[in-house]
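Q: So the protein lines, in turn, are chains A and B.
For the first sequence, the working numbering gives the first residue as 1, with consecutive numbering after it.
For the second sequence, the working numbering gives the first residue as 1001, with consecutive numbering after it.
Quick reminder that beta carbons are idealized off the backbone N, C-alpha and C, glycines included.
On a predicted model such as this, the values are computed, not experimentally measured, just so you know.
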Amino acid sequence: MGPVPATEAVELVAQVARGDREAFGRFYDRYASLVFAMALRLLRARSEAEDLLQEVFLQAWRRAATYDPDRGNPEAWLVTMTRTRGIDKLRSRRRREERIRPVEDESPADQGAVASGADRSEAKLTVMGALAGLPDLQRRVLELAYFDGLTQSEIATRLGEPLGTVKTRMRTGLERLRGFLGSASGASVS
Amino acid sequence: MSHEVWLEQAEVYALGALDEDERGGFEAHLAEGCVICVERIRETSDALPLLARALRQEAPPAALKTRLLEAIDDDEDAIETEEEESATLPVRRAPRWAWWAGWATALAAAGLLLVVGFSLSKTREELERLRGRVAILQEELTEREATLRFLSDPKARYVSLAGLPASPGASGWLLWNPETHQGLFLARGLPPAPPDRVYELWAIATSEPVPAGVFKVDAAGRGFLRLPPLPETKTFDKFAVTLEPAGGVARPTGAMHLLGSL
């Protein structure tokens, strides 16, 4: 079973689907920070993240009528849209860059992502404090897949580790993530 | 191979990180109808947004909201404006008015310059409005690029939909990619929908219909739809179109107009 869909949020999407602009404003206020954080993490460039945020909400406005609560709550719907579009952009950016300069890896300092110092000190502000407790290596493998759109063998190459090690870490990380779900689904981000 | 291995792959599949060589095999396993793996994919998919919620939240600049709200206003205005303009362009039909039209344009431009000169805030508003338009154009461009990629994929299959007794003269065709679950749909010859109704496309997996988008038709009965993301865990083999209340519904209720099989 997934998290209990927030019925209020589902009703908000239904209002948006009926073309209610005022409801769309409230929908935006409720989720803009989450989508923006996700866009910034995916694209790592402020102006591109702002564009992605606009595109995702425009898409939500246009496709609200196709939203199906059985397939996840509105938050998961938006996060998935942001990820799909963001990773599309990342991939086309990579293709452009590959045409210009064949091989250039990100600096290792750039890969830690969410687990950077500033974010860790803020971790208590999120309901997902427990998630911050995920061992760094497990977390990094999950992030490279989720935010950078890499497959297991691409992650192994990127980290210079055996594929088996990456698979084990990913499995353990996902298990823990599922475990957090039960305790986290009822809470909300403040 | 023990089923535990499939379950592990199910999680990685939900994360989108399964390598291509494993993905084919896993999707074949899913296609056999393994409900345990489907459930594991759902559980994992539900847990993944936690990664996003664990990020440091940051409010986007306030101007973005203004721009977005203007963009959705523009979204509908744009269509209406185009219609009005095409209906009131006597200049093209009567060339002798062109001279006057030239002056009128020049005067309008001069007027616009004056307005801009007098009111800097107007310029800013215009800039914001244009930014909204740019966001929409970017959105459209991204969609067109996706459409082109989709059309050029050799795995895409063609599905023909035939008119049923409710619309015997209608027909539809769908270009469907069973691997990526993406599709483009075109219909023609459908009767215009009443104002409070829309046509809804359904993707059917072993007699279970899943909503696949709503559309209206033009005066000639033509409609177009790019399908929203559909559950990748289902194997769709039939597609149908029904007439439903505006906004669409989760389960079909109205008369079926078109039907076709893969």
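1. With DSSP run on the structure shown, which of helix, strand or coil describes valine 1249(B)?
2. Counting only runs that start and end within the region 1014 to 1057 of chain B, where is the alpha helix (DSSP H) found for 4 or more residues in a row?
3. Using a beta-carbon distance below 8 Å, is alanine 1028(B) in contact with chain A?
4. So proline 1211(B) contacts chain A; which residues on that side make the cut at Cβ distance below 9 Å?
5. Just to confirm, is the Cβ distance from glycine 1247(B) to leucine 1227(B) under 8 Å?
6. Just by C-beta distance, which residues in the region 1038 to 1065 of chain B are closer than 8 Å to chain A?
7. Nearest to proline 1191(B) by CA position, among Gly1221(B), Pro1178(B), Ala1162(B), Thr1206(B), is which residue?
8. As an exercise, report each continuous beta strand (DSSP E) stretch of at least 3 residues that is fully enclosed by the region 1157 to 1183 of chain B, in chain order.
9. Could you tell me which residues DSSP puts in a beta bridge with glycine 1260(B)?
10. DSSP three-state call for leucine 1225(B): helix, strand or coil?
11. Can a CB atom of chain B be found closer than 8 Å to the CB of valine 13(A)?
12. Measure how close the beta-carbons of aspartate 68(A) and proline 1211(B) come, nearest whole angstrom, since I'm counting them as under 8 Å.
13. Buried or exposed for aspartate 1196(B), going by 16 or more other Cβ atoms inside 10 Å?
14. With a threshold of 6 Å on Cβ separation, who are the neighbours of arginine 1251(B) within its own chain once the five nearest residues in sequence on each side are excluded?
15. Between the alpha carbons of tyrosine 146(A) and valine 1134(B), how many angstroms are there, rounded?
16. Alpha carbon to alpha carbon, what distance is there between glutamate 1011(B) and leucine 137(A)?
17. Does glycine 25(A) come within less than 8 Å of chain B when only Cβ atoms are used?
18. Please classify glycine 72(A): does DSSP put it in a helix, a strand, or coil?
19. Starting from alanine 1203(B) and walking both ways along the beta strand (DSSP E), at which residues does that stretch end?
20. With respect to the alpha helix (DSSP H) encompassing valine 56(A), which residues constitute its N-terminal and C-terminal limits?
21. Does the beta carbon of tyrosine 31(A) come closer than 8 Å to any beta carbon on chain B?
22. For chain B, find out if any of its Cβ atoms is closer than 8 Å to the Cβ of aspartate 51(A); answer yes or no.
23. Ends of the beta strand (DSSP E) at glycine 25(A)?
24. Against alanine 45(A), what residues of chain B qualify as contacts under a CB-to-CB distance less than 7 Å, listed in chain order?
25. Shorter than 8 Å from the beta carbon of glutamate 161(A) to some beta carbon of chain B?
26. Pick out whichever of Ser1171(B), Lys1216(B), Leu1164(B) has its Cα sitting closest to the Cα of alanine 1255(B).
27. Under the rule that 16 or more other beta-carbon atoms within 10 Å means buried, what is glycine 1025(B), buried or exposed?
28. Using DSSP with H/G/I as helix, E/B as strand and the rest coil, what is valine 1217(B)?
29. What span of residues does the alpha helix (DSSP H) with aspartate 136(A) cover, start to end?
30. In chain A, what lies closer than 8 Å to isoleucine 1072(B) by C-beta?
31. Could you check if lysine 1155(B) is buried or exposed, using at least 16 other CB atoms within 10 Å of its CB as the buried criterion?
32. Per DSSP, phenylalanine 1185(B) forms a beta bridge with which residues?
33. Of all the residues that make up the region 1170 to 1199 of chain B, which are near chain A by a beta-carbon distance shorter than 9 Å?
34. Let me see if you follow: with CB-CB separation under 8 Å, is glycine 117(A) close to chain B or not?
35. By a C-beta neighbour count over all protein chains shown, 10 Å radius and 16 as the cutoff for buried, is tyrosine 28(A) buried or exposed?
36. Have a look at glutamate 11(A) and glutamate 161(A) and give me their C-alpha separation to the nearest angstrom.
A: Considering the structure as presented:
1. When secondary structure is reduced to three states using DSSP, valine 1249(B) falls in the coil class, being assigned neither helix nor strand.
2. 1020 to 1031, 1035 to 1047, 1049 to 1053
3. Taking Cβ atoms only, chain A never reaches closer than 8 Å to alanine 1028(B), which makes this a no.
4. What proline 1211(B) touches in chain A: Ala65, Thr66, Asp68.
5. no
6. Arg1042, Glu1043, Thr1044, Ser1045, Asp1046, Ala1047, Leu1048, Pro1049, Leu1050, Leu1051, Ala1052, Arg1053, Ala1054, Leu1055, Arg1056, Gln1057, Glu1058, Ala1059, Pro1060, Pro1061, Leu1064, Lys1065
7. Selected option, being the one with the closest Cα: Gly1221(B).
8. Residue ranges of uninterrupted beta strand (DSSP E) with 3 or more members, entirely inside the region 1157 to 1183 of chain B and ordered along the chain, are 1157 to 1163, 1171 to 1177.
9. Phe1239(B)
10. strand
11. no
12. 6 Å
13. Flag for aspartate 1196(B) reads exposed.
14. none
15. Each residue's Cα considered, the two are about 29 Å apart.
16. 18 Å
17. yes
18. Glycine 72(A) carries a coil assignment under DSSP once its states are collapsed to helix, strand and coil.
19. 1197 to 1205
20. 46 to 63
21. no
22. Output row for aspartate 51(A): interface = yes.
23. For glycine 25(A), no beta strand (DSSP E) encloses it; the enclosing alpha helix (DSSP H) starts and ends at 21 to 43.
24. Within 7 Å Cβ-Cβ: nothing; alanine 45(A) doesn't reach chain B, min ~14 Å.
25. no
26. Leu1164(B)
27. Counting Cβ neighbours within 10 Å, glycine 1025(B) comes out exposed, since fewer than 16 surround it.
28. Three-state result, valine 1217(B): coil.
29. 136 to 146
30. Arg21, Phe24, Leu58, Trp61
31. Lysine 1155(B) comes out exposed.
32. Leu1174(B), Leu1225(B)
33. Val1198
34. With a pLDDT of only 38 at glycine 117(A), under 50, the local geometry of the prediction cannot be trusted, and the value read off the model is given with reservation. Answer no: the Cβ-Cβ gap between glycine 117(A) and chain B never drops below 8 Å.
35. The C-beta of tyrosine 28(A) has 16 or more other C-beta atoms within 10 Å across all chains shown, which makes the residue buried.
36. Taking the straight line from one Cα to the other gives about 46 Å.
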